[in-house]
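**Q** Under the UniProt record's numbering, read the sequence shown as residues 1 to 196, first letter to last.
Every residue gets a Cβ at the ideal spot worked out from N, C-alpha and C, and that includes glycine.
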Amino acid sequence: MVIAALLGSVRSERMGIRAARWVTRELEQRGHEVHLVDACELKLPLLDKMWKEIKDGPPPEYADLHAKLAPLAELYKRADGFCIVNAEYNHSISPGLSNLIDYFLEEYFFRPSAIVCYSRGPFGGVRAAMQLRAMLAETGMPSVPSLLPIPKIADALNEDGTAQTLDLAKRSRKFFDEFEWYMRALKIEREKGVPY
Numbered sequence: 001m002v003i004a005a006l007l008g009s010v011r012s013e014r015m016g017i018r019a020a021r022w023v024t025r026e027l028e029q030r031g032h033e034v035h036l037v038d039a040c041e042l043k044l045p046l047l048d049k050m051w052k053e054i055k056d057g058p059p060p061e062y063a064d065l066h067a068k069l070a071p072l073a074e075l076y077k078r079a080d081g082f083c084i085v086n087a088e089y090n091h092s093i094s095p096g097l098s099n100l101i102d103y104f105l106e107e108y109f110f111r112p113s114a115i116v117c118y119s120r121g122p123f124g125g126v127r128a129a130m131q132l133r134a135m136l137a138e139t140g141m142p143s144v145p146s147l148l149p150i151p152k153i154a155d156a157l158n159e160d161g162t163a164q165t166l167d168l169a170k171r172s173r174k175f176f177d178e179f180e181w182y183m184r185a186l187k188i189e190r191e192k193g194v195p196y
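#1: By DSSP, does G8 sit in helix, in strand, or in coil?
#2: Kindly list the residues whose CB is nearer than 7 Å to the CB of D80, restricted to its own chain and excluding five residues on each side of it in sequence; keep chain order.
#3: Buried or exposed: R21, going by 16 or more other Cβ atoms within 10 Å of its Cβ?
#4: Can you name the start and end residues of the alpha helix (DSSP H) that G96 belongs to?
#5: Under the rule that 16 or more other beta-carbon atoms within 10 Å means buried, what is E159, buried or exposed?
#6: If we call anything under 9 Å between Cβ atoms a contact, is I84 one with S9?
#7: Quick check on W51: buried or exposed, where buried means 16 or more other Cβ atoms within 10 Å of its Cβ?
#8: Where F123 and G16 are concerned, what is the direct C-alpha to C-alpha distance, given to the nearest angstrom?
#9: For H35, write down the residues that DSSP places opposite it in a beta bridge.
#10: Let me know if D38 comes out buried or exposed under the rule of 16 or more other beta-carbons within 10 Å of its beta-carbon.
#11: Quick check on the DSSP output: the beta strand (DSSP E) that includes A114 runs from which residue to which?
#12: Any contact between the segment 146-155 and the segment 115-129? By contact I mean 3 or more CB pairs, one from each, below 8 Å.
#13: For A169, collect the residues of the same chain with a Cβ closer than 8 Å to its Cβ; drop the 5 residues on either side in sequence, then sort them by chain order.
#14: According to DSSP, is V194 helix, strand or coil?
#15: What are the boundary residues of the beta strand (DSSP E) that G81 is part of?
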C-alpha cells in the first residue's frame with residue numbers, strides 16, 4: 001500500500017518527529033511505501049487558496065505554493081491511506097496539521113486514515129484525537145476505530161524514533177493490522193467505482 005504519513009507539528013523542539021519516524025519505519029517494515037509529509041519542512045502559508053483553486057494555471061503570486069502542493073496532490077492520488085501524527089494543543093488539533101490537511105479535499109476521498117496521537121503528559125493526545133476524527137471524516141478520509149496514543153512521548157521514543165519500551169510495539173500491532181484491513185477493503189471498492 002502507498003501511505004502518506006502527515007505530521008503537523010512545526011515547533012522548534014517538537015516531539016512529533018519522533019512519532020513520525022517510528023510510524024514510517026513500522027509501516028515500511030510491514031512492506032508499505034510510506035511518504036512522510038512534514039508541515040515544518042513544507043512551510044506552507046496559512047490557507048488562502050486550496051489546491052483545486054490553483055492547480056490549473058495558478059496566478060504568479062501562487063507559483064511557489066503550486067510548486068509545493070503539486071507533488072502532494074500526486075502522492076495523495078496514489079495513496080491508499082493516511083497515517084496522521086497529531087500533537088495535542090490545548091486539548092485540540094495542532095494548527096499546523098489543520099492547515100496542512102485543509103489544502104486538499106477530493107484527493108482524500110474514500111481513503112482511510114489512522115490517528116497516532118501523542119503528548120508529553122499521561123493522556124497521549126486522545127482529547128485532540130476526538131476532534132481530529134470529526135475533521136478527517138468531513139474531508140472524506142474517516143479514521144479507523146482504533147487510536148494509537150503515545151503518552152509521555154519523550155520517554156516512549158528516542159530522537160530517531162526508536163521505541164524505548166515493549167509496550168508501544170504490543171499496542172501498535174492491532175492498530176496497524178486494522179489500518180491495513182481498511183486500506184485493503186477501501187482499495188477494492190475504489191477500484192469498482194465510487195458513489196460520485
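**A** So, from the data block:
#1: In the three-state reduction of the DSSP assignment, G8 falls in the coil class, being assigned neither a helical nor a strand state.
#2: Correct list, in chain order: M1, V2, I3, R111, M183 and K187.
#3: By the Cβ neighbour-count rule, R21 is buried, with 16 or more other Cβ atoms within 10 Å of its own.
#4: Segment P95 to D102, the alpha helix (DSSP H) holding G96.
#5: Exposed.
#6: Not closer than 9 Å, so no.
#7: It counts as buried.
#8: Cα atoms of F123 and G16: separation of roughly 15 Å, rounded to the nearest angstrom.
#9: A4.
#10: Label assigned to D38: buried.
#11: Segment S113 to Y118, the beta strand (DSSP E) holding A114.
#12: The segment 146-155 is in contact with the segment 115-129.
#13: Cβ neighbours of A169 beyond the five flanking positions: A163.
#14: In this structure, V194 counts as coil in the three-state DSSP scheme.
#15: Note, G81: beta strand (DSSP E), G81 to N86.
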